[in-house]
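Under the working numbering, the residue at position 109 of the sequence shown is numbered 101, and the numbers go up by one with no gaps.
Glycine included, each C-beta is placed from N, C-alpha and C at the ideal position.
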Amino acid sequence: TCGDNNGAINYKIRHMGGLWTWADFEAQGIPGMEELLGEPVLKLDGQTASLPFANDEFDLSVCIDVHEHLDDPLPVTRELARVTRPGGTVIVTTPNGNEKKLAVRIKKAIGMDAKAYGHRRTGFDVPDLRRLTTAAGLTFRRSSSYARFFTEMLELAINFLYVKLLAKKSRVPVEAGTIAPVSKSQLNSVKKSYKLYALLYPVFWLISRLDYLIAFTRGYAVVVETVK
């Protein structure tokens, strides 16, 4: 897999079975990922987008929220295709880049635009990712999405609190574009707030369940599955 910020999704993926190799383009999250996974995480070169693997090496390649961080996402998409064997699967996830969606407009209105998230762009919608992966030589198989309006607004509120308040009061330096703690020291600096979050989690969980009322809408995180 490429990406994942703090390794939580990678941790879940590993429990699905198989042998995995982990990598990320951003160095700041790698120590935390390695601690969680108990395995090394490769640091990739975001300038060249080159992946240090042989042709056709993997049965499955998963790229988690990387493309929105890149000026030109096509080279890394081609690299994902290159390192995946013929008949193998490439999965790409990104934030939904549809600028017309309500939560996207609310984000911009309160100063939580792409720059606040450390992104080069808002994201990609499914048609965008389909065109991008096709240009990289991959064949579209299917798409899905998650995090609909209620979950997205809940996450926005938490991210806003961290970026605009907690990060500024943190005793540990927090890089621009960081929307949540990515290291143990950063987490410890806001430990009281996260204890409160843990107490309120059942309420947050119930709010996120409201997404089922609008299951017919496309979520604010999109997933495209392709085959080489």
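- Query: Taking the continuous alpha helix (DSSP H) assigned at Tyr226, which residues delimit it?
  - Reply: The question about residue 226 has no answer, for the chain in this structure spans -7 to 220.
- Item | Inside the segment 25 to 63 only - alpha helix (DSSP H) runs reaching at least 4 residues | Within the segment 25 to 63, not a single complete alpha helix (DSSP H) segment reaches 4 residues in length.
- Task: Taking all protein chains shown into account, decide if Met25 is buried (16 or more other Cβ within 10 angstroms of its Cβ) or exposed.
- Result: If you draw a 10 Å sphere on the C-beta of Met25, you find 16 or more other C-beta atoms in it, and that means buried.
- Message: Could you check whether Ile22 and Val54 sit closer than 8 Å to each other, using their CB atoms as the reference points?
- Response: Contact: no.
- With respect to the alpha helix (DSSP H) encompassing Ala101, which residues constitute its N-terminal and C-terminal limits? Boundaries of the alpha helix (DSSP H) around Ala101: 94 to 101.
- Message: Distance check for Thr86 and Asp203, CA to CA, integer angstroms please.
- Response: C-alpha separation (whole angstroms): 19 Å.
- Task: Starting from Tyr204, trace the beta strand (DSSP E) both ways and give me its first and last residue.
- Result: Looking at the DSSP string, Tyr204 is not in any beta strand (DSSP E), and its letter there is neither H nor E.
- Query: Under the rule that 16 or more other beta-carbon atoms within 10 Å means buried, what is Asn2, buried or exposed?
  - Reply: The residue in question, Asn2, is buried, as its Cβ has 16 or more Cβ neighbours within 10 Å.
- Take the Cβ of Thr114 as the centre, count every other Cβ of all protein chains shown within 10 Å, and call the residue buried at 16 or more, exposed below. By the neighbour-count definition (other C-beta atoms within 10 Å, threshold 16), Thr114 is a buried residue.
- Going by other Cβ atoms of all chains shown within 10 Å of its Cβ, with 16 needed for buried, is Thr125 buried or exposed? Thr125 is buried by the Cβ-count criterion.
- Message: Could you give the first and the last residue of the continuous beta strand (DSSP E) run that contains Glu147?
- Response: First-last for Glu147: 141 to 153, but that is the alpha helix (DSSP H), not the beta strand (DSSP E).
- Message: Once the 5 residues before and after Glu91 are set aside, which same chain residues still bring their CB inside 8 Å of it?
- Response: The answer, listed in chain order, is Arg97, Thr114.
- Beta-carbon proximity check, Val216 vs Thr81, cutoff 8 Å: No.
- Task: Measure the beta-carbon distance from Lys93 to Tyr212 and round it to whole angstroms, keeping in mind my assumption that it falls under 8 Å.
- Result: Separation of the CB atoms of Lys93 and Tyr212 is rounded to 7 Å, and the pair is thereby assigned contact status at 8 Å.
- Query: Do you know how far the Cα of Asn47 is from the Cα of Pro194?
  - Reply: Put simply, the backbone Cα of Pro194 is about 46 Å away from that of Asn47.
- CB of Phe132 within 8 Å of CB of Glu60, strictly: Between Phe132 and Glu60, the gap from beta carbon to beta carbon reaches 8 Å or more.
- Hey, how far is the Cα of Leu188 from the Cα of Leu34? Looking at the two C-alpha atoms, the distance is approximately 34 Å.
- Item | Contact check, Arg77 vs Ala128, beta carbons under 8 Å | Contact flag unset, no.
- Residues near Asp120 by beta carbon distance below 7 Å, same chain, minus five either side: For Asp120, where only same-chain residues beyond five positions count, the Cβ hits under 7 Å are Gly89.
- Task: Measure the C-alpha to C-alpha separation of Pro67 and Leu191 and round it to an integer number of angstroms.
- Result: A direct Cα-Cα distance of roughly 44 Å separates Pro67 from Leu191.
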